[in-house]
Amino acid sequence: MAEKKLFDVRPQLVKSCSSALIKDLLDDLLHENILSDLEVEYINEVFPARADRCRELIDTVKRKGDYSSNVLLQRIIDKDPKLGKELGLTAELSLPTQEQKGIDEKPSSPEPPLPIKEEFSIQEPVKPPLPVKETGQQETNGIILCSEAEYRDITTKEKEIYPIREKRNRKRLALIICNIEFEDECIKYRKGANVDLEGMKKLLEELDYTVQCEVNLTAEAMRTTLKTFALKTEHKQSDSTFLVFMSHGERDIIYGTDCTRELVNGQARVTTNSVLHTDYIFETFNNFNCPGLRDKPKVIIIQACRGYGRSQVLVSDGQSQQPSINQKELEDDACRVMLKETDMTCFYASTPDTVSFRCAEKGSLLIQTFIKILQKYAHNSSIEDIFRKVQLSFKDGMQMPTQDRNTFVKKFFLFPGH
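When we follow my numbering, the leftmost residue of the sequence shown carries the number 307, and every step to the right adds one.
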């Protein structure tokens, strides 16, 4: 079988295959629909070293089965007969017909293009897991509106949900910070980020938020923008806010456009002043520093890598038991005791220490999936339930969005149309 033959010649092929030959093979396999545009871009971008690029090419094709492996071996013979001879490849590796392809290939669904780190392209966002069952629902610009019956039914549980203000008496604000281009040439331009920016802006505007969009901010500019936004007087007439961040990043940090690295004990690390720490976001919008949004839901969405690993399964950290409190030890200060951080939740694109993914043409997997699911389910689902539906749609994928520091004490419904 060609698949086994490809495995056998792999070590010698990796050693002998030139960069020019790899390029020709990628072009041919793309033309013959063995590889997709996304897979070719993935191999070229993620594996700059010749040997690594060759290994990934071989392994990608081999996973597709005998027909694809046969095509690759035949193309090696065609492009470099001398190398083909050295590998022991002969003309007996004639290509099977398309009919044979269906017989020879492993019975499986078509393999999706391999996902890659946030700064490169990935597969198209997965579809929401369940269809909307309601019929006759009104919608506007793709968002299914909350019917009067649904609104009455949900709001009967008044103590369990965050209250919303009437349209004529509210001023909802939202902030989007989207960093696309960076000063350091080693940090990739975020292709497709503009799609996410436009999609989120349109979505939030349809939910009656006035959206402030900031593009390509340094770390200091991000901090200044957050402080200014947190102190806006309009928040007093609002019932909630959304804070959306799109950039490169690592665990607990978001890159500013001026992100730089320095050597510390022989390892390259980002400089503190060139990144925004996620703690700063929570600190800026806590109950003391942002009184206008006190007791109101604040939703934070972060589309950025949280490391360099791959996330294969959803792993939950163990929760420690809360220490018991002896009521007799508490004293009455004759004033309201206010918790510093409440009514906030953060939705990350991936689990800690793992990458997140983005398509150069269609935007990031998280943002595009979030938009689609919210449009379909916000009419009768809380934001927490929407997040869970997003997570469910990723359960067999290469990243897993997570909620972090969730201090919501009630359910938050958006009630589109109200």
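No residue lacks a Cβ here, since even glycine has one placed at the ideal position from N, Cα and C.
In this text the structure is predicted, and so the values were computed from the model without any measurement.
Classify residue i as helix, strand or coil using the three-state DSSP reduction.
i    : result
A536 : helix
S375 : helix
I328 : helix
C565 : coil
H685 : coil
I493 : coil
R575 : strand
L549 : strand
I587 : helix
V605 : strand
I449 : strand
Q277 : In the structure as shown, the chain starts at 307 and stops at 724, and residue 277 therefore has no counterpart that could be examined.
D669 : One detail in the question is off: residue 669 reads as Gly in this sequence, not Asp. Strand, per DSSP.
V570 : strand
K370 : coil
E556 : strand
L341 : coil
V346 : helix
I467 : strand
K717 : strand
L582 : strand
E526 : helix
E362 : helix
K542 : helix
A357 : helix
T531 : helix
R600 : coil
K678 : helix
L395 : coil
Within the continuous alpha helix (DSSP H) that includes residue i, where are the two ends?
i    : result
F721 : Segment: none, F721 is in no alpha helix (DSSP H) and carries neither H nor E.
V315 : 308-322
D459 : 454-461
D502 : 499-512
E392 : 387-392
Which one of the options has the shortest CA to CA distance from residue i?
i    : options                : result
N376 : R361, L395, D502       : L395
R359 : V367, K368, I328, L378 : I328
E345 : R369, S324, A357       : R369
F548 : E647, I607, K542, D490 : I607
D691 : H724, T651, Q674, S670 : T651
Q443 : V696, Q681, M706, R694 : Q681
D545 : A655, R600, P387       : R600
Q697 : F718, F653, H724, K716 : F653
N500 : A355, F551, T584       : F551
Q709 : A655, H724, K716       : A655
T524 : L532, V581, R471       : V581
F336 : A308, K508, S374, M307 : Note that residue 336 is Leu in the sequence shown here, rather than Phe. Selected option, being the one with the closest Cα: S374.
T584 : A308, G562, D334, C323 : G562
E464 : K717, C492, L319       : K717
C250 : N522, E504, K494       : For residue 250 there is no data in the structure shown, the boundaries of the chain being 307 and 724.
K310 : T590, G723, V367       : V367
K385 : L341, R356, E472, D330 : D330
K604 : I482, Y586, D649       : D649
P707 : Y495, T462, I673       : I673
E445 : P387, Y495, R496, L509 : L509
L319 : D333, N339, A357       : A357
G555 : M307, I486, Q518       : I486
K699 : T675, S553, T713, V715 : Note that residue 699 corresponds to Ser in the displayed sequence, not to Lys. It is T675 whose Cα lies nearest to the Cα of S699.
What residue range is occupied by the uninterrupted beta strand (DSSP E) comprising residue i?
i    : result
R478 : 478-484
I692 : Premise fails: I692 lies in the alpha helix (DSSP H), 689-699, not in any beta strand (DSSP E).
M650 : 650-654
E520 : 515-521
T708 : 708-710
Below 8 Å on the Cβ atoms is my contact criterion, and I expect residue i with residue j to pass it. Report the Cβ-Cβ distance as a whole number of Å.
i    : j    : result
D564 : E489 : 5 Å
S670 : D502 : 5 Å
V315 : L393 : 5 Å
E362 : I349 : 5 Å
L457 : F721 : Note that residue 457 is Tyr in the sequence shown, not Leu. Indeed, because the Cβ distance is near 6 Å, the residues count as touching under 8 Å.
A610 : I560 : 5 Å
S322 : L389 : 6 Å
F273 : R711 : Residue 273 is absent from the model: the chain starts at 307 and stops at 724.
K695 : I679 : 5 Å
Hey, is residue i's beta-carbon within less than 9 Å of any beta-carbon in chain B?
i    : result
Y586 : Of the protein chains in the structure, only one exists, and it is not chain B.
Does at least one heavy atom of the ligand SAM sit under 8 Å from the Cβ of residue i?
i    : result
Q573 : Although the ligand SAM was asked about, the structure shown includes no ligands whatsoever.
Original post:
Is it a yes or a no for the stretch 444-456 touching the stretch 683-690, going by three-plus beta-carbon pairs under 8 Å?
Top reply: Yes, the stretch 444-456 is in contact with the stretch 683-690.
Original post:
When the Cβ atoms of the stretch 475-491 are set against those of the stretch 504-517, are three or more pairs found closer than 8 Å?
Top reply: Contact holds: three or more Cβ-Cβ distances are below 8 Å.
Subject >> Inter-stretch contact (C-beta, 8 Å, three-pair minimum) for the stretch 560-576 and the stretch 537-545 >> reply: Under the 8 Å Cβ criterion, the stretch 560-576 does not count as touching the stretch 537-545, having fewer than three qualifying pairs.
**OP:** Evaluate contact between the stretch 588-597 and the stretch 555-569, counting only Cβ atoms and requiring at least three cross-stretch pairs below 8 Å.
**Re:** Between the stretch 588-597 and the stretch 555-569, the count of Cβ pairs shorter than 8 Å is below three; the stretches do not touch.
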